[in-house]
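J.: Below you'll find the structure I mean.
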DNA sequence: CGCACATCCTGTGTGC
DNA sequence: TGCACACAGGATGTGC
C-alpha cells in the first residue's frame, strides 16, 4: 500500500530506532518473501552487520549496513512491526488464532524488527549496495528532490505518449507516486487522467508539477502526525482518507464543482477523477 | 521500443 | 449465514 510519503515516514521513524545498531540474528519465517534470493543469502548478508542508516529510493526502503544493504519493498500490504526481544517475537509471532504475522525478523541488541506481509507480495532482499538493487536502479527522478525541476518534468512529459495516469505510475520516469497520489495530483492540477502526457501545455505542466509536490508534501505531514509506532502491532497511517479529494470517492461530490467523482479502469487499476473539472 | 495484459498472493467487502 | 466474485495504495515478465 505505501507510496513515497508512507515509505519516507517509515524511513524517518525507523532511522531513529535502528541506526547504529547491530543485527545479531535473522529469522526468515516465510521464505517466499526473499524470493528469488535464498533465505540464507539474506541471513548471511545481514547477520553481524551494523545498520549505518536507513534510506529510501522511490518506494524502496533500505537498511544501509556497514557492508551491503537490506532492501525492503512493501508492495500492497507489507509493513514493519517491532518486538521487545526474541522471546516477545516467539510468543506472539505466527501463533494462531490471533498472533502477529511475521515473515522476516531482524534481531538487534535492543529489540526485533519484523517485516510482515499477509499477502506475500512484498520482498526483502540483500545487495552489495543500493545501486546494485535491480529495482532501485531503474527508478527515475525523486519528486521530492531538487532534481524534479520544471525542465526535467517537461522533458519526461514530452517523451511519453501514454495517458497521464500511466505516466505518473511509471517508476522509471518519476519514482514514488502510486495509484492514490497520481489520482490526487491530477485532480489538484485539473487534468484528465486520460490526456496524453505529450499533449499538455506548459501551463498544465506547471500546475501538475506543483500539484505533485504539494500532494506528496501534505501526505508526508499527515504520515508523520502521528509518526509510525512500530511497537503497536496494529499501527498504520491514519487520517489520510481525510486529505484525499478523489481517491476511493466514487459517486461523491467533487469538492470543486459538486459533480460526482467517477471511477474508471486504466491499465487494470482504478482511476478516480471528476470529468467536469479535469480537462 | 512502447504498451496492454497476466501474474504473483491473501484478505475483505459486496451482493445474491 | 454461506457463498461467489470483485477488488486491493505494486512491480515484473510476456507477447504483440
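Numbering (the working numbering), first residue to last: -10 to 268. Cβ coordinates follow ideal geometry from the N, Cα and C atoms, glycine included.
#1: For residue 249, collect the residues of the same chain with a Cβ closer than 6 Å to its Cβ; drop the 5 residues on either side in sequence, then sort them by chain order.
#2: Of the residues -6, 109 and 187, which one's Cα is nearest the Cα of residue 23?
#3: Taking only the alpha-carbon atoms, compute the straight-line gap between residue 77 and residue 183 and give it to the nearest angstrom.
#4: Cutting at 6 Å between CB atoms, please list the residues of its own chain near residue 34, excluding the five before and the five after it.
#5: Grab me the residues of residue 127's own chain with a C-beta within less than 8 Å of its C-beta, minus the 5 sequence neighbours each way, in chain order.
#6: To the nearest angstrom, report how far apart residue 174 and residue 49 are at their CA atoms.
#7: Please work out which residues of its chain come closer than 6 Å, Cβ to Cβ, to residue 151, disregarding the five sequence neighbours upstream and downstream, and give them in chain order.
#8: Let me confirm a value: residue 67 is counted as buried when at least 16 other C-beta atoms fall within 10 Å, else exposed. Which label applies?
#9: With DSSP as the reference, label residue 224 as helix, strand or coil.
#10: Could you check if residue 154 is buried or exposed, using at least 16 other CB atoms within 10 Å of its CB as the buried criterion?
#11: Among residues of its own chain, excluding the 5 on either side of residue 137, which ones have a beta-carbon nearer than 6 Å to its beta-carbon?
#12: Considering only DSSP beta bridges, list what residue 89 is partnered with.
#13: According to DSSP, simplified to helix, strand and coil, what is residue 139?
#14: If we count the other Cβ atoms within 10 Å of its Cβ and call it buried at 16 or more, is residue 132 buried or exposed?
#15: Would you call the segment 252 to 263 in contact with the segment 37 to 53, where contact means no fewer than 3 C-beta pairs closer than 8 Å?
#16: Taking C-alpha atoms, which residue in 134, 9, 197 and 223 lies nearest to residue 87?
T.: This is what the structure gives:
#1: 240
#2: 109
#3: 50 Å
#4: 57 and 115
#5: 160 and 161
#6: 21 Å
#7: 186
#8: buried
#9: coil
#10: buried
#11: 130
#12: 82
#13: helix
#14: buried
#15: no
#16: 223
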